[in-house]
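Residue numbers (our numbering), protein chains in the order written: chain A, 6 to 144; chain D, 6 to 144. Where is the CB? At the ideal position from N, CA and C, for every residue including glycine.
Number of protein chains: 2
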Amino acid sequence: MRKRPVNLSNTLPHLGELELTLLQALWAQPEQSALRLQQELPRAQQCSLSTVQSTLERLHRKMLVRRRRQGHAYVYCARLGRAELLGKLLGGVIRQLHTGSLDPILSSFVDFADKIDEHTLDRLDELVQKRKLSRFEGD
Amino acid sequence: MRKRPVNLSNTLPHLGELELTLLQALWAQPEQSALRLQQELPRAQQCSLSTVQSTLERLHRKMLVRRRRQGHAYVYCARLGRAELLGKLLGGVIRQLHTGSLDPILSSFVDFADKIDEHTLDRLDELVQKRKLSRFEGD
DNA sequence: TGAAACACCGACCGGCGATCGGTTTTTGCG
DNA sequence: CGCAAAAACCGATCGCCGGTCGGTGTTTCA
Chain A
6 MRKRPVNLSN TLPHLGELEL TLLQALWAQP EQSALRLQQE LPRAQQCSLS TVQSTLERLH
66 RKMLVRRRRQ GHAYVYCARL GRAELLGKLL GGVIRQLHTG SLDPILSSFV DFADKIDEHT
126 LDRLDELVQK RKLSRFEGD
Chain D
6 MRKRPVNLSN TLPHLGELEL TLLQALWAQP EQSALRLQQE LPRAQQCSLS TVQSTLERLH
66 RKMLVRRRRQ GHAYVYCARL GRAELLGKLL GGVIRQLHTG SLDPILSSFV DFADKIDEHT
126 LDRLDELVQK RKLSRFEGD
């Protein structure tokens, strides 16, 4: 009775609005039931329990949430942290457009960081340095 | 007779496969007609001229290509370079998931760069340094 | 002036996210 | 045990989008 996973193609998973909202909720508080998630939906997105359930089912097939039975009900939690998902999506976008050389991607990102405000580029620099250092102790 | 632009929502533009292929072709060689684009389509994606035309029309509505009449035919060129589009898409993904703090995004990206191979992080570092320097002369 | 080139229009298909109501299964209580 | 509540499960519908095409009109030029 198992359902086939979706997104067999090469495209990035394209999250819908409700899907995203539910993920956010699970990040804020892991291990929630469909009912609980439905009840804590923001005004603007209230919908029936069925809708929440089938959206969770979709997320499950996308392997973005894990679920575990508790009694006869499911309890859900996100499989990936926000940062990991972000990384995955970035990777997807990048894979769509990359052409062998990574430079355009890196410089696009540097560009992006620089455009945000004056501090962001420095912050990026710090993180790069930190990561470079941790390559020694790390592995 | 003008058509309304699509994608009035907040989501990122989600490019289809053919759309992407056509953009790539226009990056490789700007100023091409629909016919020419159709003829140079890779085997795997050959389709009728009509299809190419309507896909270009969609790209036009998405404001991703500009077109100019030459005789009674159109000649297309990409509005954004590959790097710019990448930046836009990255921005879209990031906007979907960001939560005020940019740190998770930056560190996701550093993570991403580090995972590719041993040199990429260093290359990113170089680009950051270069950009930081160019802030003096630049503006 | 007639044929070729091409834009333009409308139709259809399949996939997906959102939405819901009805049906079945599980469970816990009196 | 039997029943009502809870929740999963199932399937249907909707609207949008990308891809696909054929037919029709319009422009151009030999």
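Residue range of the alpha helix (DSSP H) that includes residue i
i: R41/A; result: 39-44
i: R48/A; result: Unbroken run through R48/A: none, as it is neither H nor E.
i: T125/A; result: 125-142
i: D122/D; result: From DSSP, D122/D is part of no alpha helix (DSSP H); its letter is neither H nor E.
i: L107/A; result: Run containing L107/A: none; DSSP gives neither H nor E here.
i: L23/A; result: 22-33
Minimum Cβ-Cβ distance from residue i to chain D less than 7 angstroms
i: R48/A; result: no
i: K8/A; result: Legend: pLDDT at K8/A = 46, less than 50; position of this residue unreliable, value from coordinates given subsequently. No, because no Cβ of chain D sits closer than 7 angstroms to the Cβ of K8/A.
i: V98/A; result: yes
i: A83/A; result: no
i: G105/A; result: no
i: P35/A; result: no
i: L23/A; result: no
i: L31/A; result: no
i: G76/A; result: no
Helix, strand or coil at residue i [DSSP, three-state]
i: R87/D; result: helix
i: Q2/D; result: This structure leaves residue 2/D out entirely; chain D is present only between 6 and 144.
i: S53/D; result: coil
i: P18/A; result: coil
Interface flag, residue i vs chain A, CB-CB below 7 angstroms
i: S113/D; result: yes
i: P18/D; result: no
i: P88/D; result: Here residue 88/D is Ala; the residue named in the question, Pro, does not match the sequence. It does; some Cβ of chain A falls within 7 angstroms.
i: F117/D; result: yes
i: L102/D; result: yes
i: L94/D; result: yes
i: L91/D; result: yes
i: L13/D; result: For L13/D, the predicted structure reports a pLDDT of 42, less than 50, and the residue's modelled location is therefore unreliable. A value from the coordinates is still provided. So, not an interface residue.
Candidates the options, of which the one nearest residue i by Cα
i: L95/A; options: L85/D, Y81/D, V115/D, Y79/D; result: V115/D
i: L25/D; options: L40/D, Q50/D, P109/D; result: Q50/D
i: L129/D; options: S139/A, F141/A, I121/A, S113/A; result: S113/A
i: R140/D; options: D127/A, I110/A, R87/A; result: D127/A
i: R71/D; options: L85/D, D108/D, H19/D; result: L85/D
i: D122/A; options: P35/D, S106/D, D119/D, E131/D; result: S106/D
i: H103/D; options: C52/A, R63/A, R87/A; result: R87/A
i: R66/A; options: Q43/A, H77/A, Q75/A, Y81/A; result: Y81/A
i: Q75/A; options: Q37/A, L23/A, S53/A, Q29/A; result: Q37/A
i: G21/D; options: L90/D, Y79/D, T60/D; result: T60/D
i: E131/D; options: D108/A, F117/A, V98/A; result: D108/A
i: M68/D; options: Q134/D, H77/D, A83/D; result: A83/D
i: W32/D; options: K135/D, V57/D, L111/D, E89/D; result: E89/D
i: K137/A; options: K135/D, K120/D, E142/D; result: K120/D
i: A78/A; options: L42/A, G97/A, L46/A, L23/A; result: L42/A
i: G92/D; options: F117/A, L91/A, L54/A; result: F117/A
Scan the region 123-139 of chain A for residues whose Cβ lies nearer than 7 angstroms to a Cβ of chain D and list them as they occur along the chain.
T125, L126, R128, L129, D130, L132, V133, R136, K137
Output needed in chain order: residues of the region 49-64 of chain D with a Cβ under 9 angstroms from some Cβ in chain A.
none
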